[in-house]
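Have a look at the structure below, then the notes.
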Amino acid sequence: MQTRYGVHPEHFRTFTTDQTRDEFLAQNMMVAGKIELVYSHYDRFIFGGAMPTSGPLELPNDDDLKAEYFLERRELGVLNLGDAGSVNVDGTTYQLARFDCLYVGRGSKSVTFSSNDGGKPAKFYLNSAPAHKEYPTTKATQAEANRLELGDDEHANNRVLYQYIHENGVQSCQLVMGWTELLPGNIWNTFPPHTHERRMEVYLYFDIPGEELVMHFMGKPTETKHIAVRNFEAVISPPWSIHSGAGTSAYRFVWGMAGENQAFTDMDAAPLSTVR
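Whatever position you read off the sequence shown (first residue = 1), add 798 for the numbering used here.
Okay, structure coming up:
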């Protein structure tokens, strides 16, 4: 498990492109036959990918957690971005099709990921946050997610959001999770931008076709930088940073948040006149 530490916004102003990528970009989130995890010191958020091929993969308990098992003091969100697979939680198996989500509550001791066909593997994206109480392990399909339509073609930001783990959906302690789809011909996400000082966020970009890419923008609204992001790469967004992107084609991304509250609309807008 990689570890990423917090960065002060004044320090961030001095970063080169390589430094920005080293601190905030996580590459190779989906590796065949492996589980890849990143531990961020922003709200102690863990994110990563599990791509089972030749056999099941068990959620590891890294020594840095100083826990008896991974979810002793944590909760977990799982979103399948690949072919059909299953997640076994303490002996109960949950089948997950593409875009099905599973919330796993604190206290679950064993979590194992499997693909129904190793040649067409599931691609499980994982988000985990500290938890202070237990909520039941719950599956939600794409049809059960809360669907929001935002933006318009005129501003090239026509998109659809699917909310799974949130205050009016699958219940959790602090984890919020879902994904966004840019409609064909649209490229901008989360613009005009915002920050939210009360929680951090991680974007995992996926379904970026071929050699296309997304230019992800971050930093304080008056001090922005960019990161060129490819398929199945994730960007950590500190509470003080905007988090938006423009692609060379349409794409999708998973958003996961943790922090002081779960209100999706709790945002500090950054008017376009302030962005630099």
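All C-beta atoms in this analysis are idealised placements derived from N, C-alpha and C, irrespective of residue type, glycine included.
| Query | Result |
| --- | --- |
| Is leucine 900 a contact residue of the ligand MG, with contact defined as CB to any heavy atom under 6 Å? | Among the components of this structure there are no ligands whatsoever, and the ligand MG is therefore not found. |
| Where are the beta strand (DSSP E) runs, 3 residues long or more, that stay fully inside the stretch 1010 to 1057, in chain order? | 1012 to 1018, 1021 to 1027, 1031 to 1035, 1040 to 1045 and 1050 to 1057 |
| Just to confirm the assignment, what range does the beta strand (DSSP E) spanning methionine 800 have? | In the sequence as presented, methionine is not what sits at residue 800; that position holds glutamine. Its beta strand (DSSP E) spans residues 800 to 802. |
| What does the Cβ neighbour count give for threonine 1072, buried or exposed, with the cut at 16 atoms within 10 Å? | exposed |
| Could you give the C-beta distance for tryptophan 740 and asparagine 955, rounded to a whole number, given that I count them as a contact under 8 Å? | Look at the range of the chain in this structure, 799 to 1074, and you will see that residue 740 is not part of it. |
| On a Cα-Cα basis, can you pick out the residue from Met849, Pro807, Thr812 and His1024 that is closest to serine 912? | Met849 |
| Could you name each continuous beta strand (DSSP E) segment of 3 residues or more that falls completely within the stretch 903 to 929, going from the start of the chain to the end? | 909 to 913 and 922 to 928 |
| Please confirm whether arginine 958 and tyrosine 901 have their CB atoms less than 7 Å apart. | Sequence check: residue 958 is valine here, not arginine. Contact: no. |
| So is glycine 831 buried or exposed if we call it buried at 16+ other beta carbons inside 10 Å? | exposed |
| Quick check on asparagine 826: buried or exposed, where buried means 16 or more other Cβ atoms within 10 Å of its Cβ? | exposed |
| Determine the burial state of threonine 935: buried for a count of at least 16 other Cβ atoms within 10 Å of its Cβ, exposed for fewer. | buried |
| Looking at the strands, I want to know which residues DSSP matches up with valine 885. | Tyr892 and Phe911 |
| For alanine 938, which residues of its own chain have a beta-carbon under 6 Å away from its beta-carbon, when the five flanking residues on both sides are left out? | Cys899, Tyr962 and Val968 |
| Taking the alpha-carbon of histidine 994 as reference, which of Gly880, Gly1057, Gly889 and His930 has the nearest alpha-carbon? | Gly1057 |
| Pull up the distance between the alpha-carbon of arginine 904 and that of serine 1035, whole angstroms please. | 25 Å |
| Count the C-beta pairs between the stretch 813 to 826 and the stretch 883 to 895 that are closer than 8 Å, then say yes if the count reaches three, no if not. | no |
| Between the C-alpha atoms of aspartate 915 and glycine 853, what's the straight-line distance to the nearest angstrom? | 10 Å |
| Can you find the residues in the same chain that come closer than 6 Å, C-beta to C-beta, to valine 805, ignoring five residues on each side of it along the sequence? | Glu821 |
| Whose CA, out of Phe845, Asp950 and Leu857, lies closest to the CA of arginine 802? | Phe845 |
| Quick one: residues in its chain with C-beta nearer than 6 Å to the C-beta of leucine 879, no 5 flanking neighbours on either side, listed in chain order? | Lys921, Tyr923 and Phe1004 |
| Strictly by DSSP, which residues pair up with alanine 830? | Bridge partners of alanine 830: none, in fact. |
| Going by the beta-carbon positions, is the gap between valine 1027 and valine 1012 smaller than 7 Å? | yes |
| Of the choices Val885, Val887, Leu869 and Glu952, whose alpha-carbon is the least far from that of cysteine 971? | Leu869 |
| Rounded to whole angstroms, what's the CA-CA distance from leucine 973 to methionine 1055? Just pull it up for me. | 6 Å |
| Please identify the residue among His809, Tyr1049, Arg872 and Trp1038 whose C-alpha is closest to the C-alpha of glutamate 932. | Arg872 |
| Could you check if serine 926 is buried or exposed, using at least 16 other CB atoms within 10 Å of its CB as the buried criterion? | buried |
| Compare the beta carbon distance of valine 1052 and leucine 823 with 7 Å and say whether it is the shorter of the two. | no |
| Can you have a look at lysine 1018 and say buried or exposed, based on whether 16 or more other CB atoms are within 10 angstroms of its CB? | buried |
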